[in-house]
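Residue numbers (my numbering): 16 to 513.
Backbone N, C-alpha and C define an ideal beta-carbon position, used for all residues, glycine too.
What follows is a short report on a single structure.
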């Protein structure tokens with residue numbers, strides 16, 4: 016299987032930047048890359064087309080093992096931090112109970128070592144065993160401020176390391192020395208919720224590694240692996256998808272899906288009953304092709320299929336339903352757009368909103384617009400946001416989502432430029448733009464950017480917006496796994512600058 020190299024996005028230098036031009040430029044390196052042919056697994060299935068497929072079964076669920084140990088000097092203590100009055104055993108029970116709850120909520124296996132390490136000479140043997148056991152990460156709970164040098168063998172061994180240093184066990188110099196190293200995440204706090212997010216960082220990396228991204232585009236079948244996060248990328252001919260759609264029957268499941276779409280929507284504006292049925296069939300088709308291709312996520316040349324009129328409906332509704340179900344379905348065969356959607360899904364259990372960015376220059380806002388958006392914006396297990404069923408704006412066909420984001424909601428914007436670099440910004444939702452009077456896509460979210468003086472300077476295209484200000488969490492993930500973070504310029508260029 017071929018390894019995809021560093022694939023920089025240089026942007027589009029056309030005088031008029033179209034979406035199609037952007038997508039072509041951002042995937043050009045893929046088409047020029049050598050792929051190994053896929054011969055053994057052609058992705059076919061003899062199962063009947065009306066066989067139900069649980070959407071959640073497509074989401075990768077790797078076993079993630081994190082080993083926890085306490086490091087401290089042999090008690091009782093006299094002077095020094097955390098102090099003679101610090102209840103070592105009481106706090107150990109308190110924090111380990113919290114760690115166990117966090118492990119359960121994130122679906123990781125936490126292996127708690129019952130015996131604290133109380134002498135530096137015992138560290139090397141413990142690390143060697145952890146490495147031999149191939150744990151995915153180590154959680155060190157520090158209970159004495161002089162034990163910071165003890166974590167060095169873990170770092171040297173290359174095992175991903177989470178350090179829990181409750182207040183009273185660290186000074187700035189301790190944290191600063193190691194906190195920005197790759198594969199190291201230091202939490203100096205009393206807020207145990209940070210442990211849950213740390214577990215998600217480890218889990219998300221394993222989910223990326225276990226994911227096969229299906230790219231439905233062109234005429235070739237080929238496969239490769241993205242560097243850094245280890246995601247497999249499988250291309251299949253575009254005809255496979257629309258031919259399967261044309262064979263997909265209108266099943267009882269499809270009728271129920273269409274009925275549920277209408278029942279959950281605030282309003283149905285353009286779509287007809289036939290549009291609803293076709294959207295439901297597109298959803299069933301996407302599930303089926305993902306399962307048959309042993310894939311966990313997909314992205315398709317949807318605009319190409321619509322423009323060539325090989326399908327009667329864009330897959331917009333199916334894409335939105337995938338997002339709500341925790342399975343990535345990206346638009347326009349944009350590989351790094353899909354990777355960005357996976358980031359919000361795997362790291363935060365939230366759907367992302369891949370969009371076309373528009374600067375609103377009078378109010379100095381960013382408009383994030385697309386005809387695809389999940390409705391469970393606060394999390395896969397949270398209630399749906401208000402939404403309307405619309406047509407796909409550019410073609411006026413099918414069923415697309417107009418999701419009305421709540422004003423005042425903080426949000427984060429992410430975009431992988433390549434496997435080793437990610438654009439990161441934050442903002443606040445200040446409203447929603449209707450179409451009409453505006454043109455463009457149906458979900459159109461108005462965002463007041465943080466730390467970006469002029470909305471014209473927001474970097475990237477097909478950024479993924481998701482709920483919450485997660486700037487620090489994304490930075491921590493990228494630092495842990497060696498991904499460079501780039502922010503949009505805080506200050507506008509000087510007058511006359513190009």
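Measuring alpha carbon to alpha carbon, tell me which of the options ends up nearest residue i.
i	options	result
residue 176	151, 191, 192, 158	151
residue 403	475, 332, 467, 258	332
residue 362	77, 282, 267, 218	218
residue 468	410, 248, 380	380
residue 68	260, 272, 306	306
residue 483	432, 501, 421	421
residue 209	232, 181, 170	181
residue 342	284, 285, 226	226
residue 424	416, 466, 133, 480	480
residue 336	347, 415, 168, 173	415
residue 396	338, 386, 348	338
residue 446	375, 466, 492, 485	375
residue 453	466, 373, 491, 144	373
residue 382	354, 410, 462	462
residue 428	365, 448, 449	365
residue 97	450, 160, 115	160
residue 488	449, 426, 466, 450	426
residue 190	197, 170, 163, 171	163
residue 450	285, 356, 350	285
residue 120	398, 377, 66, 212	212
residue 312	114, 222, 205, 287	222
residue 185	197, 204, 172, 350	204
residue 133	64, 496, 89	89
residue 398	172, 280, 304	280
residue 448	492, 393, 386	386
residue 490	358, 262, 384, 91	358
residue 145	173, 135, 283, 485	173
residue 183	73, 289, 166, 156	156
residue 492	73, 355, 61	355
residue 79	224, 110, 130	224
For residue i, which beta-bridge partners are listed by DSSP?
i	result
residue 417	403
residue 156	85, 179
residue 426	442, 482
residue 372	383
residue 431	437
residue 326	Bridge partners of residue 326: none, in fact.
residue 125	81
residue 313	229, 344
residue 199	176
residue 132	86
residue 412	407
Give me, in chain order, the residues of the same chain whose beta-carbon lies closer than 7 Å to that of residue i; leave out the 5 immediate sequence neighbours on both sides.
i	result
residue 418	388, 390, 400, 402, 458
residue 269	292, 295, 296, 299
residue 112	none
residue 93	99
residue 498	243, 435, 436, 437
residue 65	264, 266
Enumerate in chain order the residues of its own chain whose CB-to-CB distance from residue i is below 8 Å, with the five nearest sequence positions on each side excluded.
i	result
residue 472	503, 504, 507, 508
residue 501	432, 436, 437, 438, 439, 474
residue 81	118, 123, 124, 125, 126, 150, 151, 152, 153, 154, 177, 214, 217
residue 53	With a pLDDT of only 42 at residue 53, under 50, the local geometry of the prediction cannot be trusted, and no value is derived from it.
residue 253	231, 232, 233, 234, 315, 316, 319, 320
residue 91	99
residue 278	none
Can you round the beta-carbon distance between residue i and residue j to whole angstroms, since I take them to be within the 8 Å contact cut?
i	j	result
residue 322	residue 256	With a Cβ gap of about 15 Å, residue 322 and residue 256 do not count as contacting.
residue 434	residue 242	5 Å
residue 456	residue 408	5 Å
residue 431	residue 437	5 Å
residue 330	residue 301	6 Å
residue 494	residue 249	Between residue 249 and residue 494 the Cβ distance is about 30 Å, and since that is not below 8 Å, they are no contact.
residue 460	residue 444	6 Å
residue 412	residue 327	7 Å
residue 128	residue 83	6 Å
residue 71	residue 340	6 Å
residue 87	residue 158	4 Å
residue 108	residue 496	Not confirmed; about 32 Å, so no contact.
For residue i, which residues of its own chain have a beta-carbon under 6 Å away from its beta-carbon, when the five flanking residues on both sides are left out?
i	result
residue 352	345, 369, 477
residue 193	199
residue 139	168
residue 510	none
Below 7 Å, is the gap between the Cβ of residue i and the nearest heavy atom of the ligand PLP?
i	result
residue 352	Although the ligand PLP was asked about, the structure shown includes no ligands whatsoever.
Report yes or no: is there a C-beta of chain E within less than 8 Å of the C-beta of residue i?
i	result
residue 110	Protein chains in the displayed structure number just one, and chain E is not present.
Please go through the segment 448-509 and give each complete alpha helix (DSSP H) segment of 4 or more residues, from N-terminal end onward. Taking only runs of at least 4 residues, the alpha helix (DSSP H) segments lying wholly in the segment 448-509 are 486-496.
To test your reading of the DSSP string, which unbroken alpha helix (DSSP H) runs of 4 or more residues are found completely within the segment 267-297? As far as the segment 267-297 is concerned, its whole alpha helix (DSSP H) runs of at least 4 residues are 267-279.
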